[in-house]
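Heads up, the sequence shown is in numbering that gives the first Met the number 0, so the first residue is 0 and it goes up one at a time.
Where is the CB? At the ideal position from N, CA and C, for every residue including glycine.
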Amino acid sequence: MSKTSLLSIVIPVYNEEGNVTLLTENIDRGLEGYQYEIIYIDDCSTDNTRKEIKELKHPKVILVELRKNYGQSSAIAAGIDTAKGDYIITMDGDLQNDPSDLPAMLDKLIEEDLDMITGIRQKRKDNFVRTLPSKIANFIIRKTTGLHITDHGCAIKIFTAETAKGLKLYGEMHRFISLVTFMNGARISEMPVKHHARQFGVSKYGLGRTFKVINDLLLILFQRKYLQKPIYLFGNIGLTFAGIGMLINIYLLVIKLLGEDIWGRPLLILGVLMVVMGIQFFTVGIIIDLLMKTYYESQDKRPYNLRKVTTFEN
C-alpha cells in the first residue's frame, strides 16, 4: 500500500465525550507515516463531544455537525460525502475498534484487489443484548444471500472511494453496509480485528432497535431479489391465491350441479375472497413494475454498476 494515498477516516459520534481525544491519539499512532484525514460527524450530541473535538485543534481533524439527530446511517453518509480520500475507513467512536488494525487491512485490500474489507471482532466485549440479534441477522444474511461474512455488525471497514461513494444509506442500513456493498457488485473480504470494552459513555443499542434492524433487513432482501422484477413476487402470490380460489369455486360449482345448496357456505366466501386477493396482488405487481421502470428511466439510471474500466495502451 502506497503511503502517499489519502485515507479518510469517517467516525460518527453521539455523546462520546471522553472518547474522541483518546481515539484521535490512537489513530495518530496506528497510522503513523500515512496521509489521512479524520472526519468526526457529530449527530447532535447533548454532551461536550463537539467542544472536545474543537479543543483538539488537530490539523487532520474535520468536524461535521448535523442539525439534529439523524441516526448513524445518515451520519456515516454525511462523512462519506465529505471524504476526499482514495480509501474511506469507517469506525465507531467508542474506542472499541483499534486503529492499529488498519495498516494490515489496507494491505489486504490492495494486494487482493478488493473493493471493501471488514473486520471480524475477536473476543467481542459486548453483552448478550447486543450479540444475540447480531448473530441472528448474520445467520439470516448468510442463508438468504450467499454472502458469507462472519460479522456484519463490525464497524471497522475500509472501502475504495468509488465503492463508498456509491452507497445509499438510510434507516438502520449502516448495520448492513457489507450486504449493500455486495449487492452493488463489490468484491469483499474480511479479517480478524481486535475489540475492546467501552471505557466511557454508554451503548446506544437496545432491544428496541432490533425491530428496525429486522425491517431494514427484509427491505434489503426484497431489493436484492425483486427490485428489478417485482411482478415475480406479487404476481406469483396473486396467481397462487387466485388459483386456490378458482379450485374452491370449481368444487362448489360441481356440488351445486349435483343438487347441493352452496349458498351461505364459508367456503364460498373464502373462494371469492381468494380470487379477489389474487387479482389485487397481481395488479399491485404490475403497478410496482411500472414504478420501477419510471425510477430507472426518468433519472437515466442503469440497472447495473461498473466496478472499474481498465484500458491497455501501448
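Span of the beta strand (DSSP E) around residue i
i	result
ASP41	34-41
SER44	No beta strand (DSSP E) contains SER44, which DSSP labels as neither H nor E.
SER99	Neither: SER99 is in no beta strand (DSSP E) and is coded neither H nor E.
LEU62	60-64
ILE261	That residue, ILE261, is in no beta strand (DSSP E); it is neither H nor E in DSSP.
ILE88	86-89
Three-state class that DSSP yields for residue i in the structure shown
i	result
GLY118	strand
LEU256	helix
MET273	helix
LEU6	strand
GLU16	coil
LYS314	There is no way to answer for residue 314, as the model of the chain reaches only from 0 to 313.
GLU189	strand
THR310	Unreliable positioning characterises THR310 in this predicted model, as indicated by a pLDDT of 44, which lies under 50. A coordinate reading is not provided.
LYS167	coil
ILE155	coil
LEU251	helix
PRO11	strand
GLY145	coil
GLN95	coil
ASN137	helix
ASN68	coil
ASP112	coil
ASP27	helix
ALA196	coil
ASP150	coil
Residue i: first and last residue of the uninterrupted alpha helix (DSSP H) it sits in
i	result
THR161	According to the sequence displayed, residue 161 carries Glu and not Thr. That run of the alpha helix (DSSP H) goes 160-164.
ILE79	71-81
GLU332	In the structure as shown, the chain begins at 0 and stops at 313. Residue 332 is therefore absent and cannot be evaluated.
THR180	176-182
Cβ-Cβ separation, residue j to residue i (assumed contact under 8 Å), whole Å
i	j	result
ILE230	MET273	Wrong, their Cβ atoms sit about 19 Å apart, outside the cutoff.
ILE79	LYS164	6 Å
ASP112	SER4	Their Cβ separation, rounded to whole angstroms, is 15 Å, which puts ASP112 and SER4 out of contact at 8 Å.
ASP93	ASN25	About 12 Å separates the two Cβ atoms, so there is no contact after all.
GLN227	MET291	6 Å
ILE268	GLY237	ILE268 to GLY237, Cβ: 19 Å. No contact.
TYR35	LEU6	4 Å
PHE281	PHE221	18 Å between Cβ atoms; not a contact.
ILE87	ILE148	With 8 Å as the limit, ILE87 and ILE148 do not qualify as a contact, their Cβ atoms being about 18 Å apart.
LEU65	ALA76	Contact flag wrong, Cβ pair sits at about 10 Å.
Does the stretch 9-21 touch the stretch 35-42, meaning 3 or more C-beta pairs lie closer than 8 Å? With the cut-off at 8 Å, the stretch 35-42 and the stretch 9-21 touch.
Count the CB pairs spanning the stretch 177-192 and the stretch 100-119 that are closer than 8 Å, and state whether there are at least three. yes
May I ask you to verify whether the stretch 93-102 touches the stretch 24-38, counting CB pairs closer than 8 Å and requiring at least 3? yes
Are the stretch 242-260 and the stretch 280-288 touching, with three or more C-beta to C-beta distances below 8 Å? no
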